[in-house]
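Asks:
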Amino acid sequence: MNDPSTHWDNVFASKEPAETSWFQDDPTLSLALLDEWAHSSGSLIDIGAGSSRLAERLLDAGWRDISLLDVSAEALALTRRRLGDSSENLTFVNADVRHWTPSRHYDVWHDRAVLHFLVDAADCDHYVAAALRALSPGGILVIATFAADGPDQCSGLPVRRYGVDDLVKMFGPHFSLEDSRREEHVTPLGTVQPFTWVVLRRR
Ligand SMILES: C[S@@+](CC[C@H](N)C(=O)[O-])C[C@H]1O[C@@H](n2cnc3c(N)ncnc32)[C@H](O)[C@@H]1O
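Each residue of the sequence shown is one higher than the one before, starting from 40 at the first, in the working numbering.
Quick look at the structure:
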């Protein structure tokens, strides 16, 4: 297994967040799906959180048990600095999701634009196994990947592209599909990137 931390630390150390293709000023669809399918009284882990604004939006929405996992310590440090004292209300996990052994359960697993970087089948298996270990029974996964007609690389790395059925098949019989969406993300440079979103429930 390659170690992606050097690549991602360099990205976050050398670019302003708003210069990255995945930047969103407001994580609108994440918030809408979490509002519909989860409760702010629950626990949430954001996988590959990067320097996303999701954390502060969730704090504003009343969430109190938020964990941010990322392979890049630089990305987590950016969020810590941006949030200042409020970051003390967050749990930071510097780990590669493929090797991570959760030490507790969560009600929600959120991943925007991370799973699609796992191009090897074995890495995808590790990812699904981690989600199974981390989620409480009845908990939900909110996952956004590049769609089948989305970009074939990002940040100079190859990606896998998914339709709804591909994600349902990958997560297998332990999860059931609750919701799905297609999103056309507009990058800061104005390029359109189609995404597939699914909400899956752990049986
Ligand atoms: C395209 S960015 C998306 C960041 C964030 N989710 C967002 O929506 O702004 C991908 C993120 O995944 C992280 N990442 C990549 N591979 C990872 C892995 N194997 N384990 C954990 N994080 C990973 C990167 O460091 C980066 O922060």
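In this text, a Cβ means the ideal position worked out from N, Cα and C, and glycines have one as well. From a predicted model like this one, the values you see are computed outputs, not experimental measurements.
Per DSSP, residue 194 is paired with what?
Replies: For the purposes of this step, residue 194 is taken as the residue at position 155 of the sequence shown. Per DSSP, none; premise fails for residue 194.
Asks: So, do the region 60-77 and the region 135-143 have three or more beta carbon pairs nearer to each other than 8 Å?
Replies: Output reads no: the region 135-143 does not touch the region 60-77.
Asks: Where residue 171 and residue 241 are concerned, what is the direct C-alpha to C-alpha distance, given to the nearest angstrom?
Replies: As a first step, residue 171 must be located in the sequence shown, where it is residue number 132. As a first step, residue 241 must be located in the sequence shown, where it is residue number 202. Looking at the two C-alpha atoms, the distance is approximately 8 Å.
Asks: Run the proximity test for residue 82: is its beta-carbon closer than 7 Å to any non-hydrogen atom belonging to ligand 1?
Replies: Position 43 of the sequence shown, counted from the first residue, corresponds to residue 82. No - ligand 1 has no heavy atom lying nearer than 7 Å to the Cβ of residue 82.
Asks: Tell me the residue span of the beta strand (DSSP E) that contains residue 181.
Replies: The count along the sequence shown starts at 1 and reaches residue 181 at position 142. Counting along the chain, the beta strand (DSSP E) containing residue 181 begins and ends at 174-185.
Asks: What do you reckon, are the CB atoms on residue 119 and residue 111 nearer than 8 Å?
Replies: Position 80 of the sequence shown, counted from the start, is the residue given in the question as residue 119. Position 72 of the sequence shown, counted from the start, is the residue given in the question as residue 111. Going by C-beta atoms, residue 119 is not nearer than 8 Å to residue 111.
Asks: Along the alpha helix (DSSP H) that carries residue 62, what are the first and last residues, could you check?
Replies: Counting from 1 along the sequence shown, the entry for residue 62 is found at position 23. Residue 62 -> no alpha helix (DSSP H), and no H or E assigned at all.
Asks: Count the other C-beta atoms from every protein chain shown that fall within 10 angstroms of the C-beta of residue 235, then say buried if there are 16 or more, exposed otherwise.
Replies: Counting from 1 along the sequence shown, the entry for residue 235 is found at position 196. Classification of residue 235: buried, given that the 10 Å Cβ count is 16 or more.
Asks: For chain B, find out if any of its Cβ atoms is closer than 8 Å to the Cβ of residue 84; answer yes or no.
Replies: The structure shown contains no chain B; it is built from a single protein chain.
Asks: Does the pairing of the region 47-54 with the region 76-85 give three or more beta-carbon distances under 8 Å?
Replies: Between the region 47-54 and the region 76-85 there are fewer than three C-beta pairs closer than 8 Å, too few to call the two in contact.
Asks: Which term fits residue 215, buried or exposed, when burial requires 16 or more other beta carbons within 10 angstroms of its beta carbon?
Replies: Start at 1 with the first residue of the sequence shown, and residue 215 comes out as number 176. By the neighbour-count rule (16 or more Cβ atoms within 10 Å), residue 215 is not buried but exposed.
Asks: Would a C-beta distance cut-off of 8 Å place residue 108 and residue 84 closer than the cut-off?
Replies: Working through the sequence shown from its first residue, we reach residue 108 at position 69. Working through the sequence shown from its first residue, we reach residue 84 at position 45. Going by C-beta atoms, residue 108 is nearer than 8 Å to residue 84.
Asks: Output the distance between the C-alpha atoms of residue 197 and residue 165, rounded to the nearest integer angstrom.
Replies: Counted from its first residue, the sequence shown places residue 197 at position 158. Counted from its first residue, the sequence shown places residue 165 at position 126. Using only the alpha carbons, I get a separation of about 18 Å.
Asks: DSSP three-state label for residue 295, please.
Replies: Residue 295 lies beyond the residue range present for the chain, which begins at 40 and ends at 242; the question has no answer from this structure.
Asks: So what does DSSP say about residue 125, is it helix, strand or coil?
Replies: Your numbering for residue 125 matches position 86 in the sequence shown. DSSP places residue 125 in helix when its eight states are reduced to three.
Asks: Tell me whether residue 246 sits in a helix, a strand or coil according to DSSP, three-state version.
Replies: The question about residue 246 has no answer here: the residues shown for the chain are numbered 40 through 242.
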